[in-house]
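**Student:**
Residue numbers (our numbering): 13 to 197.
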């Protein structure tokens, strides 16, 4: 007996298909797919959510120094001096900086490892606005690992598994494959 469903695909296309469907499930909250694919996607998604729950509060707050370049009234950077660099054979500018202290939350090593494990299973998601002139400028990359840690881990913290449900829809017209809705509970 096999450890997983092969879904009639070679390993690379199968892994790409599963990564894509897990990404869509975690981004949208539900997907419509075949029953065999849904059972495979369910395993991966529940593992990622369980990983997020385990590491949700594993951060520390650190104070860091941040340098900001001073700017004049026109918004241009203030140049203190110009130095000639012999190696590069060109003049370099030395700018004036303000140093500011900021509080930053930082992942502890185990949460960082969990985040990298999630990156292995998920694709990057780019949100593009449907309307407006500045569609290309207003695109943004959604970090699904943050969504898992901040939303799903908090939502499912009291559950001991079973973060998804499969609802049968009926058979597909073309090949009579059983179609299901896989959604987060």
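All residues carry an ideal CB built from backbone N, CA and C; glycine is no exception.
(1) Where does residue 158 sit, in a helix, a strand or coil, going by DSSP?
(2) Within 10 angstroms of its Cβ, does residue 153 collect 16 or more other Cβ (buried), or is it exposed?
(3) When the Cα of residue 105 is compared with those of 93, 87 and 116, which residue comes out closest?
(4) Could you say which of 50, 182 and 119 lies nearest to residue 190 if we only look at CA atoms?
(5) Is the separation between the beta-carbon of residue 72 and that of residue 122 shorter than 8 Å?
(6) Among the residues of its own chain, which have a CB less than 6 Å from the CB of residue 134, if the five just before and after it don't count?
(7) Looking at residue 196: is its Cβ nearer than 8 Å to the Cβ of residue 42?
(8) Using 8 Å as the threshold, is the stretch 76–90 in touch with the stretch 107–118, meaning 3 or more CB pairs across them?
(9) Helix, strand or coil for residue 58, going by three-state DSSP, please let me know.
(10) Which runs of the alpha helix (DSSP H), 4 residues or longer, sit entirely within the stretch 97–180?
(11) According to DSSP, residue 94 sits in a beta bridge with which residue or residues?
**Tutor:** Reading off the structure:
(1) Indexing the chain shown from 1 puts residue 158 at position 146. Three-state DSSP puts residue 158 in a helix.
(2) Within the chain shown, numbered from 1, the residue matching residue 153 stands at position 141. The residue in question, residue 153, is exposed, as its Cβ has fewer than 16 Cβ neighbours within 10 Å.
(3) Sequence index remark: in the chain shown, residue 105 carries index 93 (1-based). Distance check between residue 105 and each of 93, 87 and 116 places 93 closest, using alpha-carbon atoms only.
(4) Within the chain shown, numbered from 1, the residue matching residue 190 stands at position 178. It is 182.
(5) Counting from one through the chain shown, the residue named residue 72 turns up at place 60. Counting from one through the chain shown, the residue named residue 122 turns up at place 110. Against a cut-off of 8 Å, the Cβ pair of residue 122 and residue 72 comes out as no contact.
(6) Start at 1 with the first residue of the chain shown, and residue 134 comes out as number 122. So the qualifying residues of the chain are 35 and 156.
(7) Counting from one through the chain shown, the residue named residue 196 turns up at place 184. Counting from one through the chain shown, the residue named residue 42 turns up at place 30. Yes, the pair counts as a contact, with Cβ atoms nearer than the cut-off.
(8) yes
(9) Sequence index remark: in the chain shown, residue 58 carries index 46 (1-based). In the structure shown, the three-state DSSP call for residue 58 is helix.
(10) Entirely contained in the stretch 97–180, the alpha helix (DSSP H) runs reaching 4 residues are, in chain order, 121–133 and 156–159.
(11) Start at 1 with the first residue of the chain shown, and residue 94 comes out as number 82. Answer is 105, bridged to residue 94.
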